[in-house]
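Quick note on the numbering used here: the sequence shown kicks off at 2 and runs consecutively. Heads up, the beta-carbon is just placed ideally off N, CA and C, and yes, glycines get one too.
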Amino acid sequence: METLNIAVIGAGVVGLAIAAKISEGNKDVYVFEKNKKFGQETSSHNSGVLHSGIHYPKNSLKAILCVKGNQKTYEICEKHGIPYKKLGKLTVAIEEDEIEELEKLMRMGQDNGVEGAKYLDREEVKKLEPNVNVEKALYTPSTGIVEPDELMNHFYQKARRNGAVFAMETEVTSIRKTTDGYEIGGTSVGEKFSVTAKTIINCAGLYADKVAEMVGLDVDKLGYRLHLCKGDYFRLLGKPPVKMLVYPVPKGAGLGIHLTPDLDGSIRLGPNAYYVNKITYEVESSEKEFLEDVARFLPSVRDSRIQADSSGIRPKLQGPNDNFKDFAIRHEHDRGFFGFINLIGIESPGLTAAPAIAEYVSELYENEVKR
Ligand SMILES: Cc1cc2nc3c(=O)[nH]c(=O)nc-3n(C[C@H](O)[C@H](O)[C@H](O)COP(=O)(O)OP(=O)(O)OC[C@H]3O[C@@H](n4cnc5c(N)ncnc54)[C@H](O)[C@@H]3O)c2cc1C
């Protein structure tokens, strides 16, 4: 049986970024992806926002990897001609009592090293975005948008140039620990396959808990069970009423229904956040809910038409009644699985953080696994 050096499971933005990085100094990197093409799941069902890092507690992986990933992604885009726009973002306090939430975000931003964040009053906001009507806003200049498919294609091409091999339409369905690695089984283009790999990097997104379970980890005991949290988008028809990203203060499991310009300037509203039991991408929310939420800070939206656009599903470690949960990125050697690296709960800001996650995982590999 063939023995691979490194098997990456999943070719979303995270698996691709890791494959691109780890193949710089390592031979025999294989990426297994169950779909025909890379990036067909969460990595292409998101807002495409490069977050600044104001939403995550100090020293969390989300905070560290978001701030670092934001900077790195802009550098990559600039260097390789990947479409992006550093538009800046307004997080808005609509009522007086939401100002406290802005202050919390400002403090987290300062703790996390987010540069250039500042408060704007009602008039200053009006100068930037005349249609937005709020008490106060937190402006973060480093928030922007990127074209996720082009970013993923960059990582994919880079990994291939470095010699990484992509096995598409290849679903991993079993993993068994052997004396010096793992036996991986599954189906590839309709045929059964089996290979051994010294190292496994689990980047399976919405299925990362299932992949961890395959090797024998007790997912429930370890807190790795994923909760699926869906977010729908509507598209605003007609002339765009804003140029920047405009978000309310976060509430519940998501960041609140916000306005995100696409690279062509057209505006999407969303995503909202609701927990689901199965993975389907139909828009299930009502137009009315979206219009009412957004009208709180953009009154003119009441005269606009919107249409259902798309949806995405967050792989969350945080269940409906839980507080903040961080990314779980871990070499599972102390649990008896040397060479098995898990990435679980890679929800937002996973797109922003991808190149920083890739560096973090490569370092884990070089320092703890490589023999
Ligand atoms: C609604 C929404 C909005 C978001 N907005 C943003 C944003 O604006 N900015 C931001 O930074 N982040 C955002 N995110 C988060 C971001 O999209 C994710 O963190 C990121 O895409 C995760 O990438 P991934 O590679 O881990 O997962 P995925 O893209 O899901 O990739 C995992 C891959 O693994 C494959 N796979 C799974 N199981 C197997 C198996 N057994 N065998 C083989 N292959 C397998 C899947 O087919 C898939 O291609 C958003 C997420 C959602 C849902």
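* To do: Express the C-alpha separation of GLY186 and VAL147 in angstroms, rounding to a whole number.
  => 36 Å
* Assign SER175 to buried or exposed, taking buried as 16 or more other Cβ atoms, counted over all protein chains shown, within 10 Å of its Cβ. => Counting Cβ neighbours within 10 Å, SER175 comes out exposed, since fewer than 16 surround it.
* **DSSP state of ASP112 mapped onto helix, strand, coil** => Looking at ASP112 - three-state DSSP - the assignment turns out to be helix.
* Hey, ARG269 and THR281: beta-carbon distance below 7 Å or not? -> At the C-beta level, ARG269 and THR281 stay beyond 7 Å of one another.
* Asked: Roughly how many angstroms lie between the CA atoms of GLY89 and LEU365, to the nearest whole one?
  -> 33 Å
* Best match in LEU256, LYS159, ARG226 for proximity to HIS81 [C-alpha to C-alpha] -> Proximity to HIS81 across LEU256, LYS159, ARG226 peaks at LYS159, based on C-alpha coordinates.
* Candidates LEU246, ASP323, PHE341, of which the one nearest MET215 by Cα -> Comparing C-alpha distances from MET215 to each of LEU246, ASP323, PHE341 shows the shortest one belongs to PHE341.
* Per DSSP, GLY49 forms a beta bridge with which residues? -> Bridge partners of GLY49: none, in fact.
* To do: Please name the residue in GLU130, VAL115, VAL32 whose C-alpha comes closest to that of ASP122.
  => GLU130
* **In chain order, each beta strand (DSSP E) run of at least 3 residues that lies wholly inside the segment 128-213** => Scanning the segment 128-213 from its first residue to its last, the whole beta strand (DSSP E) runs of 3-plus residues come out as 137-141, 145-147, 166-168, 171-178, 183-189, 192-203.
* CA nearest to the CA of ASP323, picked from LEU218, TYR276, PHE39, LYS63 -> TYR276
* Asked: With respect to the beta strand (DSSP E) encompassing ASN6, which residues constitute its N-terminal and C-terminal limits?
  -> 4-10
* To do: Kindly indicate the opening and closing residues of the beta strand (DSSP E) around LYS38.
  => Segment: none, LYS38 is in no beta strand (DSSP E) and carries neither H nor E.
* Asked: Any chance the CB of THR281 is under 6 Å from a heavy atom of ligand 1?
  -> no
* To do: List the whole-angstrom C-beta distance separating LEU376 from ILE55, where the pair is believed to meet the contact cut-off of C-beta under 8 Å.
  => With the chain running from 2 to 372 in the structure shown, residue 376 is simply not present.
* 6 Å Cβ shell around CYS230 - same chain, five flanking residues per side excluded -> Beyond the five residues adjoining it in sequence on each side, CYS230 comes within less than 6 Å, by CB distance, of ALA254, ALA274, TYR276, ARG315, LYS317 in the same chain, given in chain order.
* How many Å lie between ALA359 and ALA12 at the Cα? -> 13 Å
* the segment 43-57 contacting the segment 344-363, beta-carbon criterion three pairs below 8 Å -> yes
* **GLU97 versus GLU136 - alpha carbon distance** => CA-to-CA, the gap between GLU97 and GLU136 works out to about 7 Å.
* Asked: Under the three-state reduction of DSSP, which class applies to ILE347: helix, strand or coil?
  -> Note: ILE347 maps to coil in three-state DSSP.
* Using only the heavy atoms of ligand 1, determine whether one of them is closer than 6 Å to the beta carbon of VAL9. => no
* Asked: Can you tell me the Cα-Cα spacing of GLY239 and ILE65, whole angstroms?
  -> 38 Å
* Asked: Leaving out five residues before and five after GLN319 in sequence, what residues of the same chain have Cβ atoms less than 6 Å from its Cβ?
  -> LYS326
* Is DSSP giving LEU121 helix, strand or coil here? -> strand
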